[in-house]
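Step one of this worksheet: look at the structure below.
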Amino acid sequence: LDVESVVIMAGSPEIIDANLQLSAFRRRQPDRLDLPTLTHTDVARLIAVEVEKRGYEGVGEGDVGTSQLVTVLEHIVRQRFDEQLIREKNGHLARDVLDLAISRKND
Numbered sequence: 059l060d061v062e063s064v065v066i067m068a069g070s071p072e073i074i075d076a077n078l079q080l081s082a083f084r085r086r087q088p089d090r091l092d093l094p095t096l097t098h099t100d101v102a103r104l105i106a107v108e109v110e111k112r113g114y115e116g117v118g119e120g121d122v123g124t125s126q127l128v129t130v131l132e133h134i135v136r137q138r139f140d141e142q143l144i145r146e147k148n149g150h151l152a153r154d155v156l157d158l159a160i161s162r163k164n165d
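Just so you know, our numbering puts 134 at position 76 of the sequence shown, and the rest follows in order with no gaps.
Here it is in structure tokens:
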């Protein structure tokens, strides 16, 4: 690793700890910032942002820019995704969910 490099790792604490045992990390003593796992609400908010960025008006009863949109999306996320999957996919789940919904709509 070069001086002033930034490395971002995601995964379970066990995986992160194992990776930190690599010689490059042991020599440099990196600063570590542990972030909490996303919640169902966090994933719903990320989807809502992406819905708006892509120019859609809303989802179901929820219009872009309203709290109803996050409520509708959170209900969908809670129905379909457990905490384990959210932990594994993290923020990528939001984009994957929206891409899948768009592809189904266009079929």
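We put the CB at the ideal spot given by N, CA and C, even for glycine. The structure presented is a predicted model; accordingly, all values stated were derived computationally and were not measured.
### CA-to-CA distance, Val130 to Ala152, given in whole angstroms
Mapped onto the sequence shown, residue 152 falls at position 94. Mapped onto the sequence shown, residue 130 falls at position 72. So the alpha carbons of these two residues sit roughly 14 Å apart.
### Query
Of the choices Gly149, Arg136, Gln142, Arg103, whose alpha-carbon is the least far from that of Leu127?
Within the sequence shown, residue 127 is the residue found at index 69, counting from 1. The residue among Gly149, Arg136, Gln142, Arg103 with its C-alpha nearest the C-alpha of Leu127 is Arg103.
### Message
Applying the 10 Å Cβ sphere with the 16-neighbour rule, what's the burial state of Leu96?
### Response
By one-based count along the sequence shown, residue 96 stands at place 38. Note on Leu96: 16 or more other CB atoms within 10 angstroms of its CB, so buried under the neighbour-count rule.
### Message
Quick check on Leu156: buried or exposed, where buried means 16 or more other Cβ atoms within 10 Å of its Cβ?
### Response
By one-based count along the sequence shown, residue 156 stands at place 98. So Leu156 ends up on the buried side.
### DSSP three-state assignment for Val64, whether helix, strand or coil
Position 6 of the sequence shown, counted from the start, is the residue given in the question as residue 64. Here Val64 sits in coil by DSSP.
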